[in-house]
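Visitor: Quick one: structure below, then a few questions.
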Amino acid sequence: MQITQWNIISEGLDQQRRYSRDALFTIGNGYFGIRGFFEEDDQGIGALGGLYMAGIFGKGEVDVVSGPSRELCNIPQVLRLRIILDGEKVALDHIQDFSQELNLQNGVYTRKYVWTSKTSARFALVFERFARMDQVQEIWQRLTVVALDSSATLKVQSLMDSNVTNLNWASKEPWPIQPGRDHIASRTLRDNQMQIQLDDADDTVLCIAQKVKAYSGYEAVTSSPYTGDRECGSVFETTLAVNAPFVLEKAVHVYAPRMDARQEQAQAAFLDAATTYDEAFEKHASCWLKRWNTADIQLLAPERDQGALRYNLFELMAVSPQHTERVSIGARGLSGEMYEGCVFWDNEIFQLPFFYWSDPKSAHRMLRFRYHTLPAAIERAKELWFKGALYPWQVSEKGKEQTIVEGGAYYAIHITADIAFAIRQYVELSQDADFLQNGAFEILVQTARFWVSRCDADPADGKYHIRSVRGPNEYDVYVDDSAYTNYLAAYNLRSVAWAWGILKQRDAEQSQRLADSLGLISKEAELMQEIANNLVIPATEDGMLILEDNRYRERRPLDLTKIDTGGKRLIDSVMPYEALPLYQITKQADVVLLMNLFPHNFTDQQKKTAYEYYEPRTAHDSSLSYSPHGLMAARLGLMTEAYDYFEKSVLLDVEDRQMNTVSGIHYANFGGTWQIVFYGFMGISVNGDTLCISPRLPKQWQGFSTKFYFRGAVFQIQYRNGELSTELICGDGKYMVMLEDEKFILSNEKPKAIVKKSL
Numbered sequence: 007m008q009i010t011q012w013n014i015i016s017e018g019l020d021q022q023r024r025y026s027r028d029a030l031f032t033i034g035n036g037y038f039g040i041r042g043f044f045e046e047d048d049q050g051i052g053a054l055g056g057l058y059m060a061g062i063f064g065k066g067e068v069d070v071v072s073g074p075s076r077e078l079c080n081i082p083q084v085l086r087l088r089i090i091l092d093g094e095k096v097a098l099d100h101i102q103d104f105s106q107e108l109n110l111q112n113g114v115y116t117r118k119y120v121w122t123s124k125t126s127a128r129f130a131l132v133f134e135r136f137a138r139m140d141q142v143q144e145i146w147q148r149l150t151v152v153a154l155d156s157s158a159t160l161k162v163q164s165l166m167d168s169n170v171t172n173l174n175w176a177s178k179e180p181w182p183i184q185p186g187r188d189h190i191a192s193r194t195l196r197d198n199q200m201q202i203q204l205d206d207a208d209d210t211v212l213c214i215a216q217k218v219k220a221y222s223g224y225e226a227v228t229s230s231p232y233t234g235d236r237e238c239g240s241v242f243e244t245t246l247a248v249n250a251p252f253v254l255e256k257a258v259h260v261y262a263p264r265m266d267a268r269q270e271q272a273q274a275a276f277l278d279a280a281t282t283y284d285e286a287f288e289k290h291a292s293c294w295l296k297r298w299n300t301a302d303i304q305l306l307a308p309e310r311d312q313g314a315l316r317y318n319l320f321e322l323m324a325v326s327p328q329h330t331e332r333v334s335i336g337a338r339g340l341s342g343e344m345y346e347g348c349v350f351w352d353n354e355i356f357q358l359p360f361f362y363w364s365d366p367k368s369a370h371r372m373l374r375f376r377y378h379t380l381p382a383a384i385e386r387a388k389e390l391w392f393k394g395a396l397y398p399w400q401v402s403e404k405g406k407e408q409t410i411v412e413g414g415a416y417y418a419i420h421i422t423a424d425i426a427f428a429i430r431q432y433v434e435l436s437q438d439a440d441f442l443q444n445g446a447f448e449i450l451v452q453t454a455r456f457w458v459s460r461c462d463a464d465p466a467d468g469k470y471h472i473r474s475v476r477g478p479n480e481y482d483v484y485v486d487d488s489a490y491t492n493y494l495a496a497y498n499l500r501s502v503a504w505a506w507g508i509l510k511q512r513d514a515e516q517s518q519r520l521a522d523s524l525g526l527i528s529k530e531a532e533l534m535q536e537i538a539n540n541l542v543i544p545a546t547e548d549g550m551l552i553l554e555d556n557r558y559r560e561r562r563p564l565d566l567t568k569i570d571t572g573g574k575r576l577i578d579s580v581m582p583y584e585a586l587p588l589y590q591i592t593k594q595a596d597v598v599l600l601m602n603l604f605p606h607n608f609t610d611q612q613k614k615t616a617y618e619y620y621e622p623r624t625a626h627d628s629s630l631s632y633s634p635h636g637l638m639a640a641r642l643g644l645m646t647e648a649y650d651y652f653e654k655s656v657l658l659d660v661e662d663r664q665m666n667t668v669s670g671i672h673y674a675n676f677g678g679t680w681q682i683v684f685y686g687f688m689g690i691s692v693n694g695d696t697l698c699i700s701p702r703l704p705k706q707w708q709g710f711s712t713k714f715y716f717r718g719a720v721f722q723i724q725y726r727n728g729e730l731s732t733e734l735i736c737g738d739g740k741y742m743v744m745l746e747d748e749k750f751i752l753s754n755e756k757p758k759a760i761v762k763k764s765l
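Start counting the sequence shown at 7; every next residue gets the next number (the working numbering).
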């Protein structure tokens, strides 16, 4: 794998890793996710493609807590190409000089090779495609064919193929298990248009249309329509002259009427428009340029670090929905079918911070998704005899609990506090009081009510406890008083008063009407504060070590360095799930993660103690583990360890280090990688009203530069040649900034601050 500043390149066709590469080379625009499949392959699993749409789910067949079961649906392979040269179909044998490349700057996926026919004639083929960022319902594709040795006849079928199933029958297995489910209940085909109905409870319909043009030697080639049983499109036939390129350009438009009926007119306009591939690309690339403006982190560092970091950031931007607030980012996004395409807690804790700082509007949309699914969370709490809102552990766009029966959904409740935490973080960073007034305050109140009903008062110690839960350490199974869960729950409870103070100061009458509509009275608010102030956070007597739960230290120690798992997880190799509660084993960062979320609430000694205690006890059996440890190591000044964790995190999918990239790339890990760099190496945090910047760089890096949003303003920070600077690029008002130990107030009158620092 070759990694440059702005490109991920794979040379040579490796059939063993082909489907993992499909996931790695995923492109998208938040509406579509398009794996790096081969358009011309119409055999076996390769023929299925791998093209997903946000919010489009088919009927699942697993037994879930709140049915019906649903799974992300592989939609028709709308980019199918059949290429026939001198009567011989181009296939993946007899090829050389194969390469595939993802351009991170503009989101274009390109694949190239030279194919040799049975008569030894050679042809160069280039495939390009992008998911258009400015018109998200569109996918654009270009094929170039050049005869290298002699003239030849050429026939190209440019099709939309509905003869597909999902890639995998068992979504939690890392390798395709065939046959996958067929979610297409019915289809109507006509030339270059297709309408399909899915098997979900909503009878979702997808309306698909394409338009195709082709040129040979720069002269237009006419097409003829084609309609088969399950595919339709256009057919082009011509004669290739040596070195005279044949170029086919195709655009596809897809929409679901139940999600956006306005797209019917948009699709008609799309078919009538004379937009060329180059014109569409120019507008698309311009959108990417704007996205990168406040997302890119420029490094003075090895090229591999720079390119791999940009890959992580690219995939986060490519999956974030720009068109709606009714969907969010699943664990594997739109790159594969793992976890049925569902959204989990890691969206708020790992991914959203990147968007707070680089694209607050996207963060707002994804938090609004949690508002739209609040009724389902309230219903879930009632089902379990609790008050308020309990957000399900695993959800599709409807917000219903999709965790399998006996999968622990009853105990994995910290997600409710995670969402409240994310709301407060977003509002504090963006100053978006409108969101507090219109949705966020209701979420904070209803989630706090859940915690009031879930906490137990113990007369023996005068404290409150949360029993029978599972924190981020999923190897704990079920515990009492998870430090992570309790701390976040207390923060959730306190956030009601915090939000109320902001709203009351903004408009006392309006805020009172809002409180009245929610039935919130002072007695209830006081109880929330009382519980928050008396909720147990397990710790040693001296308070130096925060304990994962109240019995963690009572379990048997286990030396993980003496266990050979063969590269697999503990539970997939040497230890049954039932044995896990016996040992001091942490699956992934737990207390370390908690301290990362509240960097100014714990002393350096507490952080150091926790890191040294839990690091050797952590199996890192989750993609969510490397980045929190890397961030903590950076904050503690352990730069060798921090950089080691950064490498493990930033290359997790690029090098398929967990051997499951085939089922989709790891978006939470991408967000975690960003956190190591932004919060850890660049040393950015917020303490009250102060923006704090205190970088610590690994020895492999010499500097950095980035722009970001903070409280409605845009800042740039830079470190070069022993000089650390921050500058207010755009924004009104005054902003308190601390560079290392020096305080500054930045404004339009004094927009820049500089300190000397040797890293």
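Think of the CB as a built atom: it goes at the ideal place given N, C-alpha and C, for glycine as much as any other residue. The structure presented is a predicted model; accordingly, all values stated were derived computationally and were not measured.
Pull up the CB-CB distance for residue 725 and residue 709, whole angstroms please, since I reckon it's below 8 Å.
Guide: For the purposes of this step, residue 725 is identified with residue 719 of the sequence shown, where counting begins at 1. For the purposes of this step, residue 709 is identified with residue 703 of the sequence shown, where counting begins at 1. Contact flag correct, Cβ pair sits at about 5 Å.
Visitor: Along the alpha helix (DSSP H) that carries residue 40, what are the first and last residues, could you check?
Guide: Counted from its first residue, the sequence shown places residue 40 at position 34. No alpha helix (DSSP H) contains residue 40, which is instead part of the beta strand (DSSP E) from 38-40.
Visitor: Determine the closest residue to residue 549 out of 615, 533, 530, 584, with distance taken between C-alpha atoms.
Guide: Position 543 of the sequence shown, counted from the start, is the residue given in the question as residue 549. Nearest option by C-alpha distance: 615.
Visitor: Straight-line CA distance for residue 91 to residue 158?
Guide: Here residue 91 refers to the residue found at position 85 when the sequence shown is read from its first residue. Here residue 158 refers to the residue found at position 152 when the sequence shown is read from its first residue. Cα-Cα distance, rounded: 6 Å.
Visitor: Taking the alpha-carbon positions, what's the residue 211 to residue 345 distance?
Guide: Here residue 211 is taken as the residue at index 205 of the sequence shown, counted from 1. Here residue 345 is taken as the residue at index 339 of the sequence shown, counted from 1. Answer to the nearest angstrom: the Cα atoms are 23 Å apart.
Visitor: What is the C-beta distance between residue 758 and residue 746, in whole angstroms, given that I count them as a contact (C-beta under 8 Å)?
Guide: Numbered from its first residue, the sequence shown carries residue 758 at position 752. Numbered from its first residue, the sequence shown carries residue 746 at position 740. The Cβ separation is near 15 Å, so there is no contact.
Visitor: Where does residue 590 sit, in a helix, a strand or coil, going by DSSP?
Guide: Position 584 of the sequence shown, counted from the first residue, corresponds to residue 590. Reduced to three states, the DSSP call for residue 590 is coil.
Visitor: By Cβ distance below 8 Å, which residues in the same chain neighbour residue 193 in space, the five residues on each side in sequence not counted?
Guide: Taking the first residue of the sequence shown as position 1, residue 193 is located at position 187. Around residue 193: 168, 200, 201, 202, 203, 236.
Visitor: Can you name the residues that DSSP bridges to residue 231?
Guide: Your numbering for residue 231 matches position 225 in the sequence shown. Bridge partners of residue 231: 240.
Visitor: Using CA coordinates, which residue listed in 712, 732, 679 is at the minimum distance from residue 697?
Guide: Translated into positions along the sequence shown, residue 697 becomes position 691. It is 732.
Visitor: Measure the beta-carbon distance from residue 223 to residue 247 and round it to whole angstroms, keeping in mind my assumption that it falls under 8 Å.
Guide: In the sequence shown, residue 223 corresponds to position 217, counting from 1. In the sequence shown, residue 247 corresponds to position 241, counting from 1. Contact holds; Cβ gap of about 6 Å.
Visitor: Would you kindly work out how many angstroms separate the C-alpha atoms of residue 711 and residue 627, rounded to a whole number?
Guide: Counting from one through the sequence shown, the residue named residue 711 turns up at place 705. Counting from one through the sequence shown, the residue named residue 627 turns up at place 621. Cα-Cα distance, rounded: 33 Å.
Visitor: Below 8 Å on the Cβ atoms is my contact criterion, and I expect residue 372 with residue 353 to pass it. Report the Cβ-Cβ distance as a whole number of Å.
Guide: Along the sequence shown, one-based indexing puts residue 372 at 366. Along the sequence shown, one-based indexing puts residue 353 at 347. That belief holds up - the Cβ atoms of residue 372 and residue 353 are roughly 7 Å apart, short of 8 Å.
Visitor: When DSSP labels each residue in this structure, what does residue 183 get in the three-state scheme?
Guide: Position 177 of the sequence shown holds residue 183. Of the three classes helix, strand and coil, the one that applies to residue 183 here is coil, per DSSP.
Visitor: Mind checking who residue 194 pairs with in its DSSP beta bridge?
Guide: Position 188 of the sequence shown, counting from 1, holds the residue named residue 194. DSSP output for residue 194 lists 201 as bridge partner(s).
Visitor: Pairing CB atoms from the segment 29-38 with CB atoms from the segment 124-133, are three or more of them under 8 Å?
Guide: No, the segment 29-38 is not in contact with the segment 124-133.
Visitor: Given this structure, state the Cα-to-Cα distance separating residue 95 from residue 356, to the nearest angstrom.
Guide: Along the sequence shown, one-based indexing puts residue 95 at 89. Along the sequence shown, one-based indexing puts residue 356 at 350. C-alpha separation (whole angstroms): 46 Å.
Visitor: Assign residue 659 to one of three DSSP states: helix, strand, or coil.
Guide: To locate residue 659, count along the sequence shown from 1; it is residue 653. Coil.
Visitor: Mind listing, in chain order, the continuous alpha helix (DSSP H) runs of no fewer than 4 residues lying wholly within the segment 79-138?
Guide: Runs of the alpha helix (DSSP H) inside the segment 79-138: none found.
Visitor: Shortest alpha-carbon distance to residue 587 belongs to which of 603, 661, 570, 558?
Guide: Residue 587 sits at position 581 when you count from the first residue of the sequence shown. When each option's Cα is compared against that of residue 587, the closest is 558.
Visitor: Nearest CA to the CA of residue 6: which residue from 454, 465, 115?
Guide: In the structure as shown, the chain starts at 7 and stops at 765, and residue 6 therefore has no counterpart that could be examined.
Visitor: For residue 544, count the other beta carbons within 10 Å of its own beta carbon; 16 or more makes it buried, fewer makes it exposed. Which is it?
Guide: For the purposes of this step, residue 544 is taken as residue 538 along the sequence shown, with counting starting at 1. Buried, since its Cβ has 16 or more Cβ neighbours within 10 Å.
Visitor: How is the alpha helix (DSSP H) around residue 750 delimited, first residue to last?
Guide: Taking the first residue of the sequence shown as 1, we reach residue 750 at position 744. No alpha helix (DSSP H) holds residue 750; the beta strand (DSSP E) holding it covers 748-752.
Visitor: Whose C-beta lies closer than 6 Å to the C-beta of residue 111 among residues of the same chain, with five residues either side of it excluded?
Guide: Residue numbering aside, residue 111 sits at position 105 when the sequence shown is read from its first letter. So the list reads 12, once near-sequence residues are dropped.
Visitor: So what does DSSP say about residue 556, is it helix, strand or coil?
Guide: Working through the sequence shown from its first residue, we reach residue 556 at position 550. Three-state result, residue 556: coil.
Visitor: Could you tell me the distance, in whole angstroms, from the CA atom of residue 146 to the CA atom of residue 405?
Guide: Here residue 146 corresponds to residue number 140 of the sequence shown, with the count starting at 1. Here residue 405 corresponds to residue number 399 of the sequence shown, with the count starting at 1. About 32 Å.
Visitor: Which residue marks the beginning of the alpha helix (DSSP H) containing residue 600, and which one marks its end?
Guide: For this step, residue 600 is matched to residue 594 along the sequence shown. From DSSP, the alpha helix (DSSP H) with residue 600 extends over 597-603.
Visitor: I'd like to know if the segment 135-152 and the segment 179-195 are in contact, where contact means that at least 3 CB-CB pairs between them fall below 8 Å.
Guide: These segments do not touch.
Visitor: At least one CB of chain C closer than 8 Å to the CB of residue 700: is that the case?
Guide: No chain C appears in the structure shown, which is made up of a single protein chain.
Visitor: Below 8 Å on the Cβ atoms is my guess for residue 218 versus residue 229; work out the distance and round it to an integer in Å.
Guide: To locate residue 218, count along the sequence shown from 1; it is residue 212. To locate residue 229, count along the sequence shown from 1; it is residue 223. Contact holds; Cβ gap of about 6 Å.
Visitor: Just to confirm, is the Cβ distance from residue 184 to residue 335 under 8 Å?
Guide: Residue 184 sits at position 178 when you count from the first residue of the sequence shown. Residue 335 sits at position 329 when you count from the first residue of the sequence shown. Not closer than 8 Å, so no.
Visitor: Leaving out five residues on either side along the sequence, give the residues of the same chain with a beta carbon under 6 Å from the beta carbon of residue 704.
Guide: As a first step, residue 704 must be located in the sequence shown, where it is residue number 698. Here the set comprises 645, 649.
Visitor: Tell me which residues share the same chain as residue 516 and place their Cβ nearer than 8 Å to its Cβ, disregarding the 5 neighbours each side in the sequence.
Guide: Along the sequence shown, read from residue 1 onward, the residue named residue 516 stands at position 510. Taken in chain order, the residues that qualify are 443, 509.
Visitor: What separation, rounded to the nearest whole angstrom, lies between the Cα atoms of residue 660 and residue 120?
Guide: Stepping through the sequence shown from its first residue, residue 660 is reached at position 654. Stepping through the sequence shown from its first residue, residue 120 is reached at position 114. Going from the Cα of residue 660 to the Cα of residue 120 covers about 25 Å.
Visitor: Starting from the Cα of residue 690, find the closest Cα among 317, 414, 605, 122 and give me that residue.
Guide: Translated into positions along the sequence shown, residue 690 becomes position 684. Measuring from the Cα of residue 690, the nearest candidate turns out to be 605.
Visitor: Would you mind giving the Cβ-Cβ distance between residue 104 and residue 435, rounded to the nearest angstrom? I have them listed as a contact below 8 Å.
Guide: Position 98 of the sequence shown, counted from the start, is the residue given in the question as residue 104. Position 429 of the sequence shown, counted from the start, is the residue given in the question as residue 435. About 45 Å; that fails the 8 Å criterion.
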